[in-house]
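Position one of the sequence shown corresponds to residue 127 (this note's numbering), numbered consecutively onward. Cβ coordinates follow ideal geometry from the N, Cα and C atoms, glycine included. Below is one structure, written out as structure tokens, with a few remarks after it.
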Amino acid sequence: MDSWNYSVPFCKWVDVACSPSSGRVVVLNLENHKVVAPYHLPLETLHSLLESTWKEMDFMNLRVLDTSYNEFVGQIPEQLSTLSKLAILRLTGNSLTGRIPAWIGHLSSLHSLVLSMNNLQGSIPSELGQLSGLGYFQLYGNYLSGIVPPIYNVSSIYFFSVAQNQLQGHLPPDAGLTFPNLGVFACGVNNFTGPIPVSLSNASRLQIIDFTNNSLTGTMPGNLGSLPGLIRLNFDDNQLGTGGIGDLSFLNFLSNCSFLEVLGLAGNRLGGELPSSITNLSNLLQRLTMGENLISGSIPIGIGNLVSLYILGLERNYFSGSVPTVIGKLQKLEELNLEGNRFSGSIPSSLGNLTLLNGLYLHDNKFEGSIPPSLGNCQNLLAINLSSNNLTGITPIQILGLSSLKKCLFISHNFLTGSLPVEVGQLDQLEKLDLSQNKLSGEIPESLGSYTSLESLHLEHNSFGGTIPLSLESLRGIEEIDLSYNNLSGQIPEFLRKIVSLRHLNLSYNDFEGEVSQEGIFANASVISILGKNKLCGGISELYLPPCSTTSSGKNLTLIVISVTINVVTLIFLLFCSFVTYSSVRSHSIPSSSKEWRSGIKPSTARSF
Numbered sequence: 127m128d129s130w131n132y133s134v135p136f137c138k139w140v141d142v143a144c145s146p147s148s149g150r151v152v153v154l155n156l157e158n159h160k161v162v163a164p165y166h167l168p169l170e171t172l173h174s175l176l177e178s179t180w181k182e183m184d185f186m187n188l189r190v191l192d193t194s195y196n197e198f199v200g201q202i203p204e205q206l207s208t209l210s211k212l213a214i215l216r217l218t219g220n221s222l223t224g225r226i227p228a229w230i231g232h233l234s235s236l237h238s239l240v241l242s243m244n245n246l247q248g249s250i251p252s253e254l255g256q257l258s259g260l261g262y263f264q265l266y267g268n269y270l271s272g273i274v275p276p277i278y279n280v281s282s283i284y285f286f287s288v289a290q291n292q293l294q295g296h297l298p299p300d301a302g303l304t305f306p307n308l309g310v311f312a313c314g315v316n317n318f319t320g321p322i323p324v325s326l327s328n329a330s331r332l333q334i335i336d337f338t339n340n341s342l343t344g345t346m347p348g349n350l351g352s353l354p355g356l357i358r359l360n361f362d363d364n365q366l367g368t369g370g371i372g373d374l375s376f377l378n379f380l381s382n383c384s385f386l387e388v389l390g391l392a393g394n395r396l397g398g399e400l401p402s403s404i405t406n407l408s409n410l411l412q413r414l415t416m417g418e419n420l421i422s423g424s425i426p427i428g429i430g431n432l433v434s435l436y437i438l439g440l441e442r443n444y445f446s447g448s449v450p451t452v453i454g455k456l457q458k459l460e461e462l463n464l465e466g467n468r469f470s471g472s473i474p475s476s477l478g479n480l481t482l483l484n485g486l487y488l489h490d491n492k493f494e495g496s497i498p499p500s501l502g503n504c505q506n507l508l509a510i511n512l513s514s515n516n517l518t519g520i521t522p523i524q525i526l527g528l529s530s531l532k533k534c535l536f537i538s539h540n541f542l543t544g545s546l547p548v549e550v551g552q553l554d555q556l557e558k559l560d561l562s563q564n565k566l567s568g569e570i571p572e573s574l575g576s577y578t579s580l581e582s583l584h585l586e587h588n589s590f591g592g593t594i595p596l597s598l599e600s601l602r603g604i605e606e607i608d609l610s611y612n613n614l615s616g617q618i619p620e621f622l623r624k625i626v627s628l629r630h631l632n633l634s635y636n637d638f639e640g641e642v643s644q645e646g647i648f649a650n651a652s653v654i655s656i657l658g659k660n661k662l663c664g665g666i667s668e669l670y671l672p673p674c675s676t677t678s679s680g681k682n683l684t685l686i687v688i689s690v691t692i693n694v695v696t697l698i699f700l701l702f703c704s705f706v707t708y709s710s711v712r713s714h715s716i717p718s719s720s721k722e723w724r725s726g727i728k729p730s731t732a733r734s735f
């Protein structure tokens, strides 16, 4: 905008284009200029930046108006309705409010309308159905409500997105017939109900169907497999399926969609077993999400054919059996989520081949045996959750040394044994550590003090002994510490009351002793627990610990008695020594004739003889 110099013809301005024949403005592009202004200024002064030149520029021939990604506020100005030759209107990414004006439906030359990512409210005006040449229609990311008007009758539309609004009602059953050129159909994150239109299979150019997060019901149409160019098919978070054995039969037909990259079916009511035909899906498939359904049976061995997968989500179903080792062939996988099923057997060591893995979620299953050390090969792991299984043995050093772990390491509720090696300190970027409900022993490693980003530490229900490491004082951002149900002893460290971020502390059922502070977290009984066989005293009254005063007075009295006794004995000893010394000195100062005094003979008489 700084380059707009009034001494230069406006047709030479940046982001302004004029017709070569008439010299009139046909394009005004303000996209991403960070303009801050109300949008209710009159047409001839759309913004103060254009004040003196707006009339000269003659916007009546304007074909493109793009004010995307600025900070315009207010309603869409009615004066724009005079731009009868406008073909492209892009106002996305501002803070526009109010309703979509009905007069937009009279801009008969319009073929691209983009009003997304604003704060527009109300219903979509039915007048938009008069835009017979409309091809690109994007309203996502507003607060629009009500039902979608008969804009579906505009057969020229190839891009239709009303996602992330508050729209409701049924999707028209003939949508695929009235939109023969449709390539993108995005209605996700709304309140749409009813079945998926079977007629969508007639829109042979469809590449993206996204109805995620609605309340759609019924079965998945098998004829969607007749859409050869389909790239993304996303029905996550609806109410599709009956829980019956035939719910997944449509997968048999999707093998014809050779360009399919995304298949989202999570959060529905799909039942039955996963058909082996799923392994015939496109080898371009990158994202397969089927979690939170009612699917049972085992994972087909052919799952290893989907070599382009980077997300595989089968969580919270009723899968059983062992995880096939061929899953290690999915070497592009970044997230593997199998949590909340009934998987058994050992965790495949082939998972160590998934070197690009960021998240591994195997918790809430029935896995047995030891944790494969090969997981240490996954040097990009940010999160591991193996909790609530039947895992045994020691925790491999290879995992405890994965410095890439940042989000979490959860291995709670298993049967792990042994002590924690000093290598656990290499997880110095970890935010959450939970090794609770195992059979771990030994002392808590001092190296845990290197976890400067740690937010929660759960080691409860183990057999840890020794004292709380003083190195934990370095955990300045810690919010939760639970060391309950162990064999820890000694005094509660003073530094715990100084950690201002600490919100929950549980030290119950250990062998601590000494006085409990009344400051810091110890001043709030609702966030601290010190129950059980601890030999503690003091603290605030709500902790119901015995007072320290009696014991302290007894100890002090004993010290006083001992001190006084020592002083008295010392004094007596000194007096005795003084007496002995005095007597010795006196005996040397008396003449030898003293014997004569004792015999009754006077000295003078003795001399007379």
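**Request:** Return the bridge partner residues of R358 from the DSSP annotation.
**Result:** Within the sequence shown, numbered from 1, the residue matching residue 358 stands at position 232. BP columns for R358 point to I334, V388.
**Request:** Would you give the residue range spanned by the beta strand (DSSP E) that G640 belongs to?
**Result:** As a working mapping, residue 640 is identified with position 514 in the sequence shown. Following the DSSP letters along the chain, one finds G640 inside the beta strand (DSSP E) bounded by residues 637 to 642.
**Asked** Do N349 and the ligand ADP come close, with the Cβ less than 8 Å from some heavy atom?
**Response** Ligands are entirely absent from the displayed structure, and the ligand ADP is therefore not among its contents.
**Message:** If you follow the beta strand (DSSP E) that I214 is in, where does it begin and where does it stop?
**Reply:** Position 88 of the sequence shown holds residue 214. Residues 214 to 216.
**Asked** Would you call L596 buried or exposed, if buried means 16 or more other Cβ atoms sit within 10 Å of its Cβ?
**Response** In the sequence shown, the residue the question calls residue 596 occupies position 470. Per the 10 Å Cβ criterion, exposed.
**Request:** Tell me C663's beta-bridge partners as DSSP assigns them.
**Result:** To locate residue 663, count along the sequence shown from 1; it is residue 537. In DSSP, C663 forms a bridge with E641.
**Item:** Sub-9 Å separation of S194 and L212 beta-carbons
**Value:** The residue you call residue 194 lines up with position 68 of the sequence shown. The residue you call residue 212 lines up with position 86 of the sequence shown. No, Cβ-Cβ distance for S194 and L212 is not below 9 Å.
**Item:** Cβ-based neighbour list, L649, same chain, cut-off 7 Å, excluding 5 preceding and 5 following
**Value:** On the sequence shown, position 523 is the one that residue 649 refers to. The identity of residue 649 in the sequence shown is Ala, whereas the question assumes Leu. If we look at A649 and ignore the five residues flanking it on each side, its Cβ neighbours are I666.
**Request:** Would you tell me roughly how many angstroms separate the C-alpha atoms of T304 and K533, rounded to the nearest one?
**Result:** Position 178 of the sequence shown, counting from 1, holds the residue named residue 304. Position 407 of the sequence shown, counting from 1, holds the residue named residue 533. Whole-angstrom Cα-Cα distance: 48 Å.
**Message:** Taking 9 Å as the threshold (C-beta atoms), are N479 and Q505 in contact?
**Reply:** As a first step, residue 505 is located in the sequence shown; it is residue number 379 there, counting from the start. As a first step, residue 479 is located in the sequence shown; it is residue number 353 there, counting from the start. Taking 9 Å as the Cβ cut-off, Q505 and N479 do not qualify as a contacting pair.
**Request:** Sort out for me which residues DSSP pairs V310 with in a bridge.
**Result:** As a first step, residue 310 is located in the sequence shown; it is residue number 184 there, counting from the start. Residue pairing of V310 in beta bridges, as defined by DSSP: F285, I334.
**Asked** So T304 is in the alpha helix (DSSP H); what residue range does that whole segment cover?
**Response** In the sequence shown, residue 304 corresponds to position 178, counting from 1. Run containing T304: 301 to 304, per the alpha helix (DSSP H) assignment.
**Request:** List the endpoints of the continuous alpha helix (DSSP H) containing I473.
**Result:** Here residue 473 refers to the residue found at position 347 when the sequence shown is read from its first residue. Taken as a continuous stretch (DSSP letters only), I473 belongs to no alpha helix (DSSP H), as it is neither H nor E.
**Request:** Look at the Cβ atom of S242, then the Cβ atom of Q264, and state whether they are nearer than 9 Å.
**Result:** Within the sequence shown, residue 242 is the residue found at index 116, counting from 1. Within the sequence shown, residue 264 is the residue found at index 138, counting from 1. The Cβ atoms of S242 and Q264 sit closer than 9 Å to each other.
**Request:** Would you mind giving the Cβ-Cβ distance between F638 and S675, rounded to the nearest angstrom? I have them listed as a contact below 8 Å.
**Result:** The residue labelled residue 638 in the question sits at position 512 within the sequence shown. The residue labelled residue 675 in the question sits at position 549 within the sequence shown. Not a contact, Cβ separation roughly 19 Å.
**Prompt:** If you count every other CB in all the chains shown that lies within 10 Å of the CB of M416, and 16 or more means buried, which is it?
**Reply:** Residue mapping note: residue 416 aligns to position 290 of the sequence shown, counting from 1. Buried, because 16 or more other Cβ atoms sit within 10 Å of the Cβ of M416.
**Request:** Spell out the partners DSSP gives N317 in its beta bridges.
**Result:** The count along the sequence shown starts at 1 and reaches residue 317 at position 191. Beta-bridge partners of N317 (DSSP): Q294.
**Item:** Same chain, Cβ closer than 8 Å to Y436, five either side skipped, listed in chain order
**Value:** Taking the sequence shown and counting its residues from 1, one reaches residue 436 at position 310. Excluding positions up to five away in sequence, the list reads Q412, R413, K458, L459, E460, E461, L482.
**Prompt:** Near N339, which residues of its chain fall below 6 Å by C-beta distance, leaving aside the five closest residues on each side in sequence?
**Reply:** As a working note, residue 339 is residue 213 in the sequence shown. Same-chain partners within the cutoff: G314, V315, D363.
**Item:** Distance CB(F541)-CB(N511) smaller than 9 Å
**Value:** Counting from one through the sequence shown, the residue named residue 541 turns up at place 415. Counting from one through the sequence shown, the residue named residue 511 turns up at place 385. Contact: no.
**Prompt:** Quick one: Cα of N382 to Cα of G370, how far?
**Reply:** For the purposes of this step, residue 382 is taken as residue 256 along the sequence shown, with counting starting at 1. For the purposes of this step, residue 370 is taken as residue 244 along the sequence shown, with counting starting at 1. Whole-angstrom Cα-Cα distance: 24 Å.
**Request:** State the Cα-Cα distance for the pair T208 and M186, rounded to the nearest angstrom.
**Result:** For the purposes of this step, residue 208 is taken as residue 82 along the sequence shown, with counting starting at 1. For the purposes of this step, residue 186 is taken as residue 60 along the sequence shown, with counting starting at 1. Between T208 and M186, the C-alpha separation is close to 7 Å.
**Message:** Can you give me the C-alpha to C-alpha distance between V324 and P499, rounded to a whole angstrom?
**Reply:** Within the sequence shown, numbered from 1, the residue matching residue 324 stands at position 198. Within the sequence shown, numbered from 1, the residue matching residue 499 stands at position 373. One C-alpha to the other measures close to 49 Å.
**Message:** Run through the DSSP bridge pairs and tell me what V240 is partnered with.
**Reply:** Within the sequence shown, the letter at position 114 stands for residue 240. Looking at the DSSP assignment, V240 forms a beta bridge with R216, Q264.
**Message:** Pull the bridge partners of H584 from the DSSP assignment, please.
**Reply:** Stepping through the sequence shown from its first residue, residue 584 is reached at position 458. Note: H584 sits in a beta bridge opposite D560, D608.
**Request:** Express the C-alpha separation of I357 and F385 in angstroms, rounding to a whole number.
**Result:** Taking the first residue of the sequence shown as 1, we reach residue 385 at position 259. Taking the first residue of the sequence shown as 1, we reach residue 357 at position 231. One C-alpha to the other measures close to 5 Å.
**Prompt:** Are the beta-carbon atoms belonging to T451 and P474 less than 9 Å from one another?
**Reply:** The residue labelled residue 451 in the question sits at position 325 within the sequence shown. The residue labelled residue 474 in the question sits at position 348 within the sequence shown. Their beta carbons are under 9 Å apart, which means T451 touches P474 by this criterion.
**Request:** Grab me the residues of L507's own chain with a C-beta within less than 7 Å of its C-beta, minus the 5 sequence neighbours each way, in chain order.
**Result:** For the purposes of this step, residue 507 is identified with residue 381 of the sequence shown, where counting begins at 1. Counting only Cβ-Cβ distances below 7 Å, and skipping sequence neighbours, we find L483, N484, L486, L528, S530, L531.
**Item:** Cβ distance (whole Å) where E581 is taken to contact E599 below 8 Å
**Value:** By one-based count along the sequence shown, residue 581 stands at place 455. By one-based count along the sequence shown, residue 599 stands at place 473. Not confirmed; about 16 Å, so no contact.
**Request:** Using alpha carbons as the reference points, say which of Y284, S281, L293, G259 lies closest to S271.
**Result:** Taking the sequence shown and counting its residues from 1, the one referred to as residue 271 is at position 145. Selected option, being the one with the closest Cα: L293.
**Prompt:** Thinking C-beta only, is V240 closer than 9 Å to R216?
**Reply:** As a working note, residue 216 is residue 90 in the sequence shown. As a working note, residue 240 is residue 114 in the sequence shown. Note that the C-beta distance between R216 and V240 is below 9 Å.
**Asked** Would you say A312 and I277 are within 9 Å of each other, going by their C-beta atoms?
**Response** Indexing the sequence shown from 1 puts residue 312 at position 186. Indexing the sequence shown from 1 puts residue 277 at position 151. In this structure, I277 does not lie closer than 9 Å to A312 by Cβ.
**Message:** Does the structure place the stretch 518 to 527 close enough to the stretch 569 to 578 that three or more beta carbon pairs sit under 8 Å?
**Reply:** Output reads no: the stretch 518 to 527 does not touch the stretch 569 to 578.
**Collapsed DSSP secondary structure at G367 in the structure displayed** = Working through the sequence shown from its first residue, we reach residue 367 at position 241. The answer is coil: DSSP assigns G367 none of H, G, I, E or B.
**Residue of Y670, I625, V288 minimising C-alpha distance to L642** = Counting from one through the sequence shown, the residue named residue 642 turns up at place 516. Note that residue 642 corresponds to Val in the displayed sequence, not to Leu. Sorting Y670, I625, V288 by C-alpha distance to the C-alpha of V642 places Y670 at the top.
**Asked** Hey, how far is the Cα of L374 from the Cα of L389?
**Response** The count along the sequence shown starts at 1 and reaches residue 374 at position 248. The count along the sequence shown starts at 1 and reaches residue 389 at position 263. Straight-line Cα distance between these residues: approximately 13 Å.
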